[in-house]
């Protein structure tokens with residue numbers, strides 16, 4: 001399983017992903033689920049994926065091949081804007097679906113795959129998309145400034161409570177890590193290390209890429225302090241009387 | 244959708260359920276999902292259900308009919324212990340499955356149904372079971388003293404963090420309401436009023452049954468204080484530097 005969250009802020013885009021993938025509990029491996037397409041000064045696109053790993057790797061492979069082909073071949077590096085980049089991603093997903101879906105169905109496997117695409121292309125602000133298995137997609141709005149894919153429910157409440165478009169990059173990173181902590185505690189199949197990517201508005205390049213493992217001081221401190229704070233906050237709530 | 248949680252404590256059993264059921268967003272109704280079978284001084288059994296409402300009502304109906312039949316007819320009121328009660332519940336589920344599953348399949352509907360059964364029968368301590376659509380079931384253990392059915396993920400983290408077998412009834416009620424609050428905030432299809440039932444160890448009767456609606460002072464106070472406490476706890480966490 002996987003948990004990825006992307007947040008779109010006035011200040012930029014924050015993308016956070018775990019790296020655990022599993023096919024049954026005795027076969028748990030770590031694969032990176034984040035791919036960056038970057039042309040510094042012109043564009044930076046970050047893709048996170050959830051679902052069938054073979055399918056998501058095939059999609060990324062098609063997107064890479066289009067770039068390698070060069071020339072007029074439509075690719076993420078020559079898309080005129082993020083909307084068109086999302087559309088091209090959708091086309092790549094449909095190509096994999098045409099090739100694989102029938103064979104997967106023979107084995108009762110679903111073509112379950114979804115992506116978060118975030119970043120910025122020169123000439124427009126940062127944008128964030130959720131691209132589905134059917135190749136269609138939705139874009140984040142001021143009211144819903146984030147997308148999650150994978151095992152998303154455990155970590156959703158804290159994001160709903162604290163994140164808006166006006167949150168700072170630092171607040172979004174902190175919230176993403178708290179959300180990830182809740183998910184990891186409740187679902188064994190989501191695990192470290194984490195990939196954290198920060199893209200600041202207007203910079204048109206990766207601002208920061210951190211790999212966060214169990215030794216990361218900041219994440220450890222967030223986890224233990226949040227746990228203590230929750231227990232403390234819970235204890236401080238009044239207890240019911242008259243039961 | 245539904246959210247129900249049952250907690251097994253040294254002090255007794257706490258059962259909490261919402262009452263929202265829906266078939267599409269324009270057809271949302273409120274149905275009670277809690278059924279009590281009680282013979283004060285001898286036994287008290289509380290059942291909460293999630294999933295297909297027609298199927299869960301049919302199961303409850305079969306269990307009631309067995310009691311009405313009287314005599315030697317095996318029922319929840321003459322089961323010698325909670326394990327046997329869970330087994331009889333499983334049989335009722337299988338009877339509904341035999342009758343309905345094929346017809347449901349014609350309409351591509353799943354026989355998705357699950358129950359939490361909790362309570363106490365004289366001669367043993369309080370016990371808690373999760374009974375599945377296949378009629379099989381698992382029992383709560385000291386390590387996992389609670390079961391949830393329905394829309395369970397949003398509200399799971401807080402239970403994992405604070406509830407043990409040694410928690411008091413009051414702590415469990417408070418935790419259940421916080422868990423329900425997180426679920427209601429994240430999923431429109433889980434809604435008020437709530438049914439809260441408390442069974443104290445050894446009493447062999449319902450200790451308290453409260454219907455909690457939007458006007459309930461205690462629940463309102465828990466919701467607003469918890470929201471404030473979370474925001475405060477989040478704000479108090481250190482922010483990352485060097486991003």
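Residue numbers (our numbering), protein chains in the order written: chain A, 1 to 243; chain B, 244 to 486. Think of the CB as a built atom: it goes at the ideal place given N, C-alpha and C, for glycine as much as any other residue.
Measure the C-alpha to C-alpha separation of residue i and residue j and round it to an integer number of angstroms.
| i | j | result |
| --- | --- | --- |
| residue 204 of chain A | residue 53 of chain A | 28 Å |
| residue 381 of chain B | residue 95 of chain A | 44 Å |
| residue 143 of chain A | residue 164 of chain A | 8 Å |
| residue 457 of chain B | residue 239 of chain A | 18 Å |
| residue 119 of chain A | residue 36 of chain A | 9 Å |
| residue 359 of chain B | residue 291 of chain B | 5 Å |
| residue 68 of chain A | residue 32 of chain A | 21 Å |
| residue 474 of chain B | residue 162 of chain A | 7 Å |
| residue 294 of chain B | residue 216 of chain A | 42 Å |
| residue 397 of chain B | residue 313 of chain B | 42 Å |
| residue 322 of chain B | residue 262 of chain B | 28 Å |
| residue 277 of chain B | residue 450 of chain B | 15 Å |
| residue 415 of chain B | residue 325 of chain B | 22 Å |
| residue 271 of chain A | residue 159 of chain A | The structure shown does not extend to residue 271 of chain A, since chain A spans only 1 to 243, so no value can be given for it. |
| residue 346 of chain B | residue 340 of chain B | 10 Å |
| residue 368 of chain B | residue 234 of chain A | 28 Å |
| residue 357 of chain B | residue 224 of chain A | 35 Å |
| residue 188 of chain A | residue 227 of chain A | 18 Å |
| residue 317 of chain B | residue 331 of chain B | 8 Å |
| residue 306 of chain B | residue 335 of chain B | 7 Å |
| residue 355 of chain B | residue 376 of chain B | 6 Å |
| residue 384 of chain B | residue 485 of chain B | 45 Å |
| residue 283 of chain B | residue 257 of chain B | 17 Å |
| residue 389 of chain B | residue 315 of chain B | 33 Å |
| residue 85 of chain A | residue 9 of chain A | 20 Å |
| residue 247 of chain B | residue 298 of chain B | 17 Å |
| residue 442 of chain B | residue 255 of chain B | 6 Å |
| residue 181 of chain A | residue 109 of chain A | 30 Å |
| residue 463 of chain B | residue 179 of chain A | 25 Å |
| residue 60 of chain A | residue 123 of chain A | 25 Å |
| residue 229 of chain A | residue 38 of chain A | 39 Å |
| residue 249 of chain B | residue 177 of chain A | 29 Å |
| residue 453 of chain B | residue 433 of chain B | 18 Å |
| residue 437 of chain B | residue 245 of chain B | 11 Å |
| residue 184 of chain A | residue 192 of chain A | 8 Å |
| residue 42 of chain A | residue 479 of chain B | 37 Å |
At the 9 Å Cβ level, is residue i part of the contact set with chain B, yes or no?
| i | result |
| --- | --- |
| residue 67 of chain A | no |
| residue 86 of chain A | no |
| residue 185 of chain A | yes |
| residue 243 of chain A | yes |
| residue 231 of chain A | yes |
| residue 140 of chain A | no |
| residue 34 of chain A | no |
| residue 198 of chain A | yes |
Give me whichever residues DSSP pairs with residue i in a beta bridge.
| i | result |
| --- | --- |
| residue 373 of chain B | B/359 and B/381 |
| residue 51 of chain A | A/113 |
| residue 281 of chain B | B/287 |
| residue 455 of chain B | B/437 |
| residue 7 of chain A | A/14 and A/146 |
| residue 59 of chain A | DSSP lists no partner for residue 59 of chain A. |
| residue 443 of chain B | B/255 |
| residue 465 of chain B | Its beta-bridge partners do not exist; DSSP assigns none. |
| residue 364 of chain B | B/286 |
Of all Cβ atoms in chain A, is any one closer than 9 Å to the Cβ of residue i?
| i | result |
| --- | --- |
| residue 280 of chain B | no |
| residue 482 of chain B | yes |
| residue 450 of chain B | yes |
| residue 432 of chain B | no |
| residue 421 of chain B | yes |
| residue 477 of chain B | yes |
| residue 425 of chain B | yes |
With 9 Å set as the bound, which would you pick, yes or no: does the beta-carbon of residue i sit closer than that to a beta-carbon of chain C?
| i | result |
| --- | --- |
| residue 46 of chain A | Although the question refers to chain C, the structure presented lacks it and instead comprises the protein chains A and B. |
Subject >> Selection of the stretch 145-174 of chain A by Cβ proximity to chain B, strictly under 9 Å >> reply: 151, 152, 153, 154, 155, 156, 157, 158, 160, 161, 162, 168, 169, 170, 171, 173 and 174
Subject >> beta strand (DSSP E) segments (min. 3 residues) lying fully within the stretch 380-429 of chain B >> reply: If only uninterrupted beta strand (DSSP E) runs of at least 3 residues are considered, those enclosed by the stretch 380-429 of chain B are 380-382 and 389-393.
Subject >> Positions along the stretch 218-229 of chain A whose CB lies within less than 7 Å of some CB in chain B >> reply: Here the close residues are 218, 221, 222, 225, 226, 227 and 229.
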